[in-house]
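FYI, in my numbering the residues of the sequence shown are 1242 to 1717. Even glycine gets a Cβ: it sits at the ideal position worked out from N, Cα and C. Computed from a prediction, not measured in an experiment: that's the story for all the values here.
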Amino acid sequence: MNKKSNKLISLMITFDRDMVKRCNQFLSSPYFNRSQDLQHYFAEVSRRLSKGLSLDKEMIWKSVWKKKPFNDVRFRKFSSDLLKLLEKFVVQEELESNKIIQQDLWLAAVNRLQPTKQKEAVLRNWSGLIETTEEVLAESSRKYLSLFQFERKRYELSNFDNRTEERSNLETIMHNLDVFYISEKLHVFNSAKSTYFARYHQYEFAFIESLVDNIRENPVYLKYPTISMHYYTYLIGKEPENESHYRAFKSLLLNQSSDLKESDLQTHYYTALNYSTIKINSGNTDYLKEYIEVYKDGLVKEALFENGHITAQQFKNIISIALRNGDFEWVKSYIDNYQDRIPEQHRENAVNLNLAFYHFYKKDYDKAMDYLRGVEYENITYNLNAKSMLLAIYYETDEFDALDSLFDAILAYLSRHKEIPANYKKLFRNLVSVTRKMTRIIPGDKKAIEKLRKEVEETKAIASLNWVREKLDELA
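Structure, rendered in structure tokens:
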């Protein structure tokens, strides 16, 4: 049986040791399973997976069914039956871990069975149930969906359809539905318009403009962070030049976002960071501080990690921006304190490369070179980043012979590696071209400097663009 193509094995390899134990208990319960064969089958496959043994069908059959001759049709039937049981087990696991779903199913059961005492108890303690739900669920559209579903069941349990003389909870039902709908609609729209998705697909959505207009006219909805965060995300995308949208978004993010769902919170932090990145790339260096402020806040709230980890790219991004802002002490502290958050297989390389950047910015070029020597070129990004730094070091230290050789090496590398995206090749070819021209300019030759500066600003697709601009300023 193949781990990738076999559905049963594909599911079982996701079970950790504790989950295997609980599944054994599940399969031992006659309420769910009355076949000892399936219990033994699960136990044998689990044993083989844990020890890395063969998953050959006939070997498994022999271990479970002993002397019975192998029957492929029967084996496939056992596999199908076990898979169905394991899917039920996984559902049961999800149910056990989700008190809100349990409560929702209990309300549905009370409504269906109509046990008098239980029904009275549910309605009597309703406010406590809602308070508990609001405490348990993070601020998100899903919270209001659950509240809507609960209030809908309260309406049915109270039999308000036949008690029209009493005031029902219809307003509460509609309110929760509105908050869910507005938040989720904006969330889905913003996701679809994000750079990642928009690169491949275009989506059409109805009523977005009218929805946003409605929020403008009824700002009461903005008291819900799950709406206000998505609302300002929409405005940032729609009117990026209007910095007041970003300011409002950032204020909410830093001061009122602690109750948001973890995955939503991370998305919002990256929205703020991406906005600052766009501003920085357009030449607005005020946003270096903005980026750093938001990033530091995200670190404190543990909002920037994926399963407790920082990607090597994220590690490099914040260090590059902080170095440009001159925050050398913070960068060194960040490298020391957060390097363990980088996945182990990328850690040493990421640390060496970023320490090289750190010493380069401090103009300690010898130390920068030492750390560069410790970088293994495990991928194209590392290789090109290291080469561009080496180019800058040779330029800064007037090692022009070495620089000429490096120009040729970079161009040869770009030509040799067909898998490098065309836009990447353009960035580094332009860096070589511009740096080569800078080496030929006599300092103070304003005409030549301005000509090259104009070329740089018209091109802009240049790796290490800010460094190039700095060197042109120095030549002037």
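query: Buried or exposed for E1480, going by 16 or more other Cβ atoms inside 10 Å?; result: exposed
query: Considering only residues of the same chain and omitting the five flanking positions on each side of T1374, which have a CB-CB separation below 7 Å?; result: I1341, S1387, L1388 and F1391
query: With a cut-off of 7 Å, does the C-beta of L1693 fall near any C-beta of chain D?; result: In the displayed structure, chain D is absent; only one protein chain is listed.
query: If contacts are defined as beta-carbon pairs under 8 Å, then I1521 and D1568 qualify, I think. What distance do you get, rounded to the angstrom?; result: The Cβ separation is near 14 Å, so there is no contact.
query: Which residues in the same chain as N1274 place their Cβ atom closer than 8 Å to its Cβ, once the five residues preceding and following it in sequence are excluded?; result: F1267, L1268, Q1280 and L1326
query: Rounding to the nearest angstrom, what Cα-Cα distance links D1642 and S1574 in this structure?; result: 36 Å
query: In terms of residue numbering, what span does the alpha helix (DSSP H) encompassing V1592 cover?; result: E1585 to Y1602
query: With DSSP as the reference, label E1547 as helix, strand or coil.; result: strand
query: Taking all protein chains shown into account, decide if H1442 is buried (16 or more other Cβ within 10 angstroms of its Cβ) or exposed.; result: exposed
query: So V1331 is in the alpha helix (DSSP H); what residue range does that whole segment cover?; result: D1313 to S1338
query: Based on DSSP bridge pairs, tell me the residues matched to L1501.; result: E1380
query: Check P1662 in the structure and name its three-state DSSP category.; result: coil
query: To which residues of the same chain is K1628 closer than 6 Å at the C-beta, ignoring the five residues directly before and after it?; result: I1651
query: Going along the chain, which unbroken runs of the beta strand (DSSP E) with 3 or more residues stay wholly within the stretch 1641-1701?; result: none
query: Less than 7 Å between the C-beta atoms of D1538 and L1501, yes or no?; result: no
query: Return the chain-ordered ranges of every alpha helix (DSSP H) run that is complete within the stretch 1356-1405 and spans a minimum of 4 residues.; result: 1357-1365, 1367-1377 and 1382-1398
query: CA-CA distance, F1556 and I1661?; result: 22 Å
query: Could you give the distance in angstroms between the alpha-carbon of I1519 and the alpha-carbon of R1681?; result: 32 Å
query: Excluding the five sequence neighbours on either side, which residues of its own chain have a C-beta within less than 6 Å of the C-beta of I1449, listed in chain order?; result: F1430
query: Taking buried to mean at least 16 other C-beta atoms within 10 Å of its own C-beta, is N1593 buried or exposed?; result: buried
query: Would you decide whether I1683 is buried or exposed? Buried here means 16 or more other CB atoms lie within 10 Å of its CB.; result: exposed
query: Give every residue of the same chain whose Cβ lies closer than 6 Å to the Cβ of S1304, excluding the five residues on either side of it in the sequence, and list them in chain order.; result: E1285
query: With distances taken from CA atoms, which of H1550, I1576, W1571 and N1566 is nearest Q1586?; result: H1550
query: Between which two residues does the alpha helix (DSSP H) holding E1412 run?; result: L1411 to K1434
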